[in-house]
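Asker: Line by line, the protein sequences are chains H and R.
When we follow the working numbering, the leftmost residue of the first sequence carries the number 84, and every step to the right adds one.
When we follow the working numbering, the leftmost residue of the second sequence carries the number 277, and every step to the right adds one.
Provided herewith is a single structure, encoded as structure tokens, for subsequent inquiry.
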Amino acid sequence: NAGVMQNPRHLVRRRGQEARLRCSPMKGHSHVYWYRQLPEEGLKFMVYLQKENIIDESGMPKERFSAEFPKEGPSILRIQQVVRGDSAAYFCASSELAGVRNEQFFGPGTRLTVL
Amino acid sequence: GDSVTQMEGPVTLSEEAFLTINCTYTATGYPSLFWYVQYPGEGLQLLLKATKADDKGSNKGFEATYRKETTSFHLEKGSVQVSDSAVYFCALMSGGGADGLTFGKGTHLIIQP
Numbered sequence: 084n085a086g087v088m089q090n091p092r093h094l095v096r097r098r099g100q101e102a103r104l105r106c107s108p109m110k111g112h113s114h115v116y117w118y119r120q121l122p123e124e125g126l127k128f129m130v131y132l133q134k135e136n137i138i139d140e141s142g143m144p145k146e147r148f149s150a151e152f153p154k155e156g157p158s159i160l161r162i163q164q165v166v167r168g169d170s171a172a173y174f175c176a177s178s179e180l181a182g183v184r185n186e187q188f189f190g191p192g193t194r195l196t197v198l
Numbered sequence: 277g278d279s280v281t282q283m284e285g286p287v288t289l290s291e292e293a294f295l296t297i298n299c300t301y302t303a304t305g306y307p308s309l310f311w312y313v314q315y316p317g318e319g320l321q322l323l324l325k326a327t328k329a330d331d332k333g334s335n336k337g338f339e340a341t342y343r344k345e346t347t348s349f350h351l352e353k354g355s356v357q358v359s360d361s362a363v364y365f366c367a368l369m370s371g372g373g374a375d376g377l378t379f380g381k382g383t384h385l386i387i388q389p
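Here it is as structure tokens:
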């Protein structure tokens, strides 16, 4: 059973471009979470999705960021008009069920560098 | 809101030394508590967890006990190895309905031979 897959592993963008980060959850997992890790910081929760639904986006910046988890295919985190402050590692996690007792399994992350 | 505070690093120890990494939390409801480990260039791996007060999580020689009275979840290992060098994150998931994990800033552990 493959783990959580993320691609690309490294992404370089110039200011003003768009960044698309993909996450394929573990087989059988229908809950996906996105986190951002700024340099020298812990991970910060951004958004929680189930298939075709955004459940909690309380950690998502109000502008330029969006996320989706379509019925078919991976979850996508999209950042429009990137700025240098968006440079970070973005981690995706998935779980089989929701709630406090269900383990989230993390992908290897996508390291975004904005020039 | 929920928060996790853990000791800042880097923490440098010699091989076979005793390890303690302190973690305290503030949360609504009855959170579950976790320790994650991150090796260079990799994602986070769950190291251990505890879901209720007085539970002890353990894995690979690491232990942590959920102490509700002191709101703490300190990570310990009796004899560290060079391969334990990594960044360790304490985290919680609140029983108050929040969906994501709340992480501490991480503690970089360096074990010298």
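Glycine is no exception: its CB is placed at the ideal position from the N, C-alpha and C atoms.
With a threshold of 16 other CB atoms inside 10 Å of the CB of R:F294, please say whether the residue is buried or exposed.
Answerer: Locating residue 294 of chain R in the second sequence gives position 18, where the first residue counts as 1. Exposed, by the Cβ-count rule.
Asker: Count the CB pairs spanning the stretch 308–315 of chain R and the stretch 354–372 of chain R that are closer than 8 Å, and state whether there are at least three.
Answerer: yes
Asker: Pull up the CB-CB distance for R:D278 and R:T378, whole angstroms please, since I reckon it's below 8 Å.
Answerer: Working through the second sequence from its first residue, we reach residue 278 of chain R at position 2. Working through the second sequence from its first residue, we reach residue 378 of chain R at position 102. Their Cβ separation, rounded to whole angstroms, is 4 Å, which keeps R:D278 and R:T378 in contact under 8 Å.
Asker: What is the C-beta distance between H:R119 and H:P191, in whole angstroms, given that I count them as a contact (C-beta under 8 Å)?
Answerer: For the purposes of this step, residue 119 of chain H is identified with residue 36 of the first sequence, where counting begins at 1. For the purposes of this step, residue 191 of chain H is identified with residue 108 of the first sequence, where counting begins at 1. Not confirmed; about 15 Å, so no contact.
Asker: Please state if the CB of R:I387 and the CB of R:V358 are separated by a distance shorter than 7 Å.
Answerer: By 1-based counting over the second sequence, the position of residue 358 of chain R is 82. By 1-based counting over the second sequence, the position of residue 387 of chain R is 111. Contact: yes.
Asker: Spatial neighbours of R:T302 within its chain, please: C-beta separation below 6 Å, excluding the five flanking residues on both sides.
Answerer: Counting from one through the second sequence, the residue named residue 302 of chain R turns up at place 26. Hits under 6 Å: S279.
Asker: Assuming contact is defined by CB atoms lying nearer than 7 Å, are H:F174 and H:F189 in contact in what I supplied?
Answerer: Counted from its first residue, the first sequence places residue 174 of chain H at position 91. Counted from its first residue, the first sequence places residue 189 of chain H at position 106. Closer than 7 Å, so yes.
Asker: When the cut-off is 7 Å and only beta carbons count, does R:K381 lie next to chain A?
Answerer: Going by chain labels, chain A is absent from the structure shown, which instead holds the protein chains H and R.
Asker: Consult DSSP for H:V115 and reduce its assignment to one of helix, strand or coil.
Answerer: In the first sequence, counting from the first residue as 1, residue 115 of chain H sits at position 32. Three-state DSSP puts H:V115 in a strand.
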